[in-house]
Amino acid sequence: MNGPRAMSRGILLAGVAFSILPGAAMAQTGGEPEESTQGVSDSADTDENVIIVTASKREATLQDTPIAVSVTTAEQIEDAQIRDILDIQTLVPSLRVGQGGISANTTLSIRGFGNGSNNIGIEPSVGVFVDGVYRSRALAQIGDLPNVQRVEVLRGPQSTLFGKNASAGVVSIVTRKPQFEFGGFGEISYGNFDALIVRGDVTGPITDTLAFSIGGNLNQRDGYIRDTNLNQDLNERDRWSTRGQLLFEPSEDLSFRLIADYENIDEVCCGGVNVVDGPTGAVSRALGSTVIPNNPLGLTSSLTFAPFNEIDNFGVSLQTDWSLGAIDFTAISAYRGVRVDLNQDSDFSNLNSLARSAIDTDIDTYTLELRAASNFDGPLNFLVGGFFFQENIDQVQDFQFGEDFANFANAVTGGAFSALEPTIRALVPGIAPGNFGGVGQGRLLNFDYANTAFSIFGEVNYAITDRLTATVGANFTNDRKQVVQDNISTDVFASVDLIQAGFNAALLQGATPEQAGVLASSPGTNPFLGLRAFQIVPPFLNFPNEIEDGRTNDSDLAYTLRLTYEASDNLTVYATHATGFKASSFNLSTDSRPFGTDFIPGSPFQVPPPASSPIRDAGLALPNLTAGTRFAGPEEATVYELGVKGQWQGFAFNLAIFDQTLEGFQANLFTGDGFVLGNAEEQSVRGFEFDTSVSPIPQLTFTAAITYLDATFDSFTGGVAFNPATFSAVPTDLSGETPAGIPEWSGSFSAAYVHEFGDGTTLRFYADYLLESNVEIAQGLSQFKRSVEQLNGTISLGLTNGIELTAWARNLTNAAYLQGVFPSPGQPGSLNGFRNQPRTYGGSIRFKF
Numbered sequence: 075m076n077g078p079r080a081m082s083r084g085i086l087l088a089g090v091a092f093s094i095l096p097g098a099a100m101a102q103t104g105g106e107p108e109e110s111t112q113g114v115s116d117s118a119d120t121d122e123n124v125i126i127v128t129a130s131k132r133e134a135t136l137q138d139t140p141i142a143v144s145v146t147t148a149e150q151i152e153d154a155q156i157r158d159i160l161d162i163q164t165l166v167p168s169l170r171v172g173q174g175g176i177s178a179n180t181t182l183s184i185r186g187f188g189n190g191s192n193n194i195g196i197e198p199s200v201g202v203f204v205d206g207v208y209r210s211r212a213l214a215q216i217g218d219l220p221n222v223q224r225v226e227v228l229r230g231p232q233s234t235l236f237g238k239n240a241s242a243g244v245v246s247i248v249t250r251k252p253q254f255e256f257g258g259f260g261e262i263s264y265g266n267f268d269a270l271i272v273r274g275d276v277t278g279p280i281t282d283t284l285a286f287s288i289g290g291n292l293n294q295r296d297g298y299i300r301d302t303n304l305n306q307d308l309n310e311r312d313r314w315s316t317r318g319q320l321l322f323e324p325s326e327d328l329s330f331r332l333i334a335d336y337e338n339i340d341e342v343c344c345g346g347v348n349v350v351d352g353p354t355g356a357v358s359r360a361l362g363s364t365v366i367p368n369n370p371l372g373l374t375s376s377l378t379f380a381p382f383n384e385i386d387n388f389g390v391s392l393q394t395d396w397s398l399g400a401i402d403f404t405a406i407s408a409y410r411g412v413r414v415d416l417n418q419d420s421d422f423s424n425l426n427s428l429a430r431s432a433i434d435t436d437i438d439t440y441t442l443e444l445r446a447a448s449n450f451d452g453p454l455n456f457l458v459g460g461f462f463f464q465e466n467i468d469q470v471q472d473f474q475f476g477e478d479f480a481n482f483a484n485a486v487t488g489g490a491f492s493a494l495e496p497t498i499r500a501l502v503p504g505i506a507p508g509n510f511g512g513v514g515q516g517r518l519l520n521f522d523y524a525n526t527a528f529s530i531f532g533e534v535n536y537a538i539t540d541r542l543t544a545t546v547g548a549n550f551t552n553d554r555k556q557v558v559q560d561n562i563s564t565d566v567f568a569s570v571d572l573i574q575a576g577f578n579a580a581l582l583q584g585a586t587p588e589q590a591g592v593l594a595s596s597p598g599t600n601p602f603l604g605l606r607a608f609q610i611v612p613p614f615l616n617f618p619n620e621i622e623d624g625r626t627n628d629s630d631l632a633y634t635l636r637l638t639y640e641a642s643d644n645l646t647v648y649a650t651h652a653t654g655f656k657a658s659s660f661n662l663s664t665d666s667r668p669f670g671t672d673f674i675p676g677s678p679f680q681v682p683p684p685a686s687s688p689i690r691d692a693g694l695a696l697p698n699l700t701a702g703t704r705f706a707g708p709e710e711a712t713v714y715e716l717g718v719k720g721q722w723q724g725f726a727f728n729l730a731i732f733d734q735t736l737e738g739f740q741a742n743l744f745t746g747d748g749f750v751l752g753n754a755e756e757q758s759v760r761g762f763e764f765d766t767s768v769s770p771i772p773q774l775t776f777t778a779a780i781t782y783l784d785a786t787f788d789s790f791t792g793g794v795a796f797n798p799a800t801f802s803a804v805p806t807d808l809s810g811e812t813p814a815g816i817p818e819w820s821g822s823f824s825a826a827y828v829h830e831f832g833d834g835t836t837l838r839f840y841a842d843y844l845l846e847s848n849v850e851i852a853q854g855l856s857q858f859k860r861s862v863e864q865l866n867g868t869i870s871l872g873l874t875n876g877i878e879l880t881a882w883a884r885n886l887t888n889a890a891y892l893q894g895v896f897p898s899p900g901q902p903g904s905l906n907g908f909r910n911q912p913r914t915y916g917g918s919i920r921f922k923f
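In terms of this note's numbering, the numbers along the sequence shown are unbroken and rise by one, the last being 923.
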């Protein structure tokens, strides 16, 4: 795949050249001035109560932006002690951020739509942009927030404004640009669990036209899960980052912004708790395991070794903004790199039965965006842009059995696993050398993934009257992916056809071939079939092959239709009909198996024999090969939305009523040792979002944000859910069911009060409260539900010399709940889970200059 990579580098260099040459910008298409990217005007007379956003790729007030958007300001981020994207959800109830088994396992969802958790082949339905640069994977989204100016959460499809993967919504993070006045801040914070956070940023002029900023962040904390076997804490924080910027403004109409950043995460994470101690729990303990049973909200675990997560996330971007009369041009070219090294105790116990799983991932991403936006005095204005995306992913996964695997299998089967090995070897010719369940056997997965995409997008606004504006937008996207899979199973026992063993045994006992096939196909007459649960890693059929080409090629034309009416200077009403699109996603996991349309599993010795299928007819069938998914097809979103925005002195509100549908939603279910990826034919959500702020006096502000979601799988005939009795994942028609993990009601409430002393000293009180109604955690497991109540608060004293002292607490009431549950790998009938972070508190000193 050197060709696409060489091409992507060439296009990136061309984009950099475009950014540097203003003359080229005139001949092409670009975007808005730097000011609008920052989003908050630098004018001294800006009304502090007016929030300026760039959700529509133009600088506008929140009231004048006819999009369902939530804005979290820098002041709110400081007040709420928000450190990363995981914390943002406490202030934006329509946004949910989940984190699971590793530090990088993060899933963002908006209005209940979200996917991609820990399956590297899936681009999320919620697009994340930092200073206009697309972050394609959760691995690149989870770090601590830099010197943030605001975070905008755009709800619903945004394809006509953003060029890549915005079928469910967008999270846009805007950082502060360098200033031409010297200044900055430094902060040190200490809390329980020995939490230490050190942050700082310095900005100022180099010349009259060149300014800089440079900042850094250190975040360390002991873990809150205690491993009783290792005598060590898990779920720690250990990360640092640095970020530098140069802003060059040779004239009022031209600016260049160069950003480079690097982040390192090196953490011991994550510890899972035992939710249900299944029938194999006693077996594990008899072999020396110290699993702490039935402890769903506990803060203890017991592993063989400490899991580690090392992630390096880095990149560089160059943004050029050029105002040429009534048209503003923008070019943003960027490179992002992610390097991941993970090692995890796969069975979440200190019984070394399934041993370790190691994953190494390299991601290289190149993006280029060009925009042009008009500022005509007349009724007609437009925004038009182009977006190019090239990504390459190389991933290696290594999974090995430990020394206890065979002992565990024998304990569960009464010794049959090893006792029957000589008999099975005599009955099935050609079995590979090596003992059944031998130490070091397992799998080696290799994926080489390349994705090239481009889009052309834009909107036209026409003012029908002084108060009524019509908007028409469109986005054409073409997305091509190519994957090469080279996966190897070294699990000797998993390659054995146990039906063939039963068939040959029956023949030796005098049965006819037809009788032997019948006897071999039933667990009641074939004793070998009772060992199937220990065929952990059956052989892989790699692709491309004669039947599967490992390629997807998707194109789509999305559109937006909107009417916006300014009922008065204080009240705006809008109605929107829009569509969105996300291209196919590959299943880069252990469950990357041929589609059922290409292969029907089964043994040629069974009765009746498996039906004809393309892979079998081509002679590519392997013993115990199973069907699954190679990729999930595209998502196509449709939304109908009615919104009202109002703002008066001391009071503002936003209301959005919507009906949103995703056809082909890419559902990704973690089964404990892999992922089942498939398309729901149709998933929909109806509801409303209401947020308001009230300031009865200037010193006191209340906010409230409430979201109601009525989510349904309208049609999902190929769904998968957990069996509530065995916890195994089984095919289930989920049509008409409510998707798991989507609360019907959620709300966020805050209060802030500032008291000013006569000498300029200020005392600030702040509290926020997050509430989510009871919801099923995992599909099919209705006995396990979660409700969320989290209270956060700060008290800050601002002194006249620029020093600010703060006492803070998050999850003040120490509320406990499960974030997710999954079957315990290799332990049928048991369930593991991840619980939330307990109460944290501390104090900080901040100095602004």
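Cβ atoms here follow ideal geometry from the backbone N, Cα and C, with glycine treated the same way. Being a predicted model, the structure only gives us computed values, none of them experimental.
Same chain, Cβ closer than 7 Å to residue i, five either side skipped, listed in chain order
i	result
residue 748	663, 664 and 665
residue 815	849 and 851
residue 686	none
residue 186	759, 783, 785, 813 and 816
residue 567	510, 511, 608 and 609
residue 218	157, 158, 291, 293, 313 and 315
For residue i, three-class secondary structure by DSSP
i	result
residue 673	coil
residue 576	helix
residue 492	helix
residue 612	coil
residue 185	coil
residue 658	coil
residue 436	strand
residue 118	Residue placement at residue 118 cannot be trusted, given a pLDDT of 32 that sits under 50; what the coordinates show is reported in the next sentence. Coil.
residue 754	strand
residue 152	helix
residue 143	strand
residue 505	coil
residue 869	strand
residue 196	coil
residue 527	strand
residue 212	helix
residue 498	helix
CB contact below 8 Å: residue i versus chain C
i	result
residue 483	Checking the listed chains, one finds no chain C in this structure; it contains a single protein chain.
Anticipated Cβ contact below 8 Å, residue i with residue j, distance rounded
i	j	result
residue 288	residue 276	6 Å
residue 842	residue 866	5 Å
residue 845	residue 862	7 Å
residue 545	residue 655	That belief does not hold up - the Cβ atoms of residue 545 and residue 655 are roughly 19 Å apart, past 8 Å.
Close beta carbons around residue i, own chain, < 6 Å, minus the five adjacent residues each side
i	result
residue 651	635 and 714
residue 681	591, 592 and 595
Cutoff 8 Å; reference residue i; Cβ partners in own chain excluding five residues on either side
i	result
residue 758	733, 734, 735, 736, 785, 786 and 788
Residue i - containing beta strand (DSSP E), residue span
i	result
residue 857	Looking at the DSSP string, residue 857 is not in any beta strand (DSSP E), and its letter there is neither H nor E.
residue 879	877–884
residue 268	Taken as a continuous stretch (DSSP letters only), residue 268 belongs to no beta strand (DSSP E), as it is neither H nor E.
residue 918	914–922
residue 514	Where residue 514 is concerned, there is no enclosing beta strand (DSSP E), given that its DSSP letter is neither H nor E.
residue 630	625–640
residue 306	306–308
For residue i, the first and last residue of its enclosing alpha helix (DSSP H)
i	result
residue 159	159–162
residue 689	688–691
* Would you mind listing the beta strand (DSSP E) stretches within the stretch 399–432 that are 3+ residues and don't spill past its ends, in chain order? => Listed in chain order, they are 401–419.
* Ordered list of beta strand (DSSP E) runs contained in the stretch 327–371, each at least 3 residues -> Qualifying beta strand (DSSP E) stretches, in chain order: 328–342 and 347–350.
* alpha helix (DSSP H) segments (min. 4 residues) lying fully within the stretch 814–847 -> At a cut-off of 4 residues, not a single continuous stretch assigned as alpha helix (DSSP H) sits fully inside the stretch 814–847.
* Taking the runs of the beta strand (DSSP E) that are 3 residues or longer, which of them lie wholly in the stretch 438–480? -> With a minimum length of 3 residues, the continuous beta strand (DSSP E) runs that stay inside the stretch 438–480 are 454–474.
* To do: Quick one: which unbroken beta strand (DSSP E) runs of 3-plus residues sit fully inside the stretch 540–605? Chain order, please.
  => DSSP runs (the beta strand (DSSP E)) wholly in the stretch 540–605: 542–559.
* **Runs of beta strand (DSSP E) wholly within the stretch 217–297 (minimum 3 residues, chain order)** => DSSP runs (the beta strand (DSSP E)) wholly in the stretch 217–297: 222–229, 243–249, 257–265, 269–279 and 284–295.
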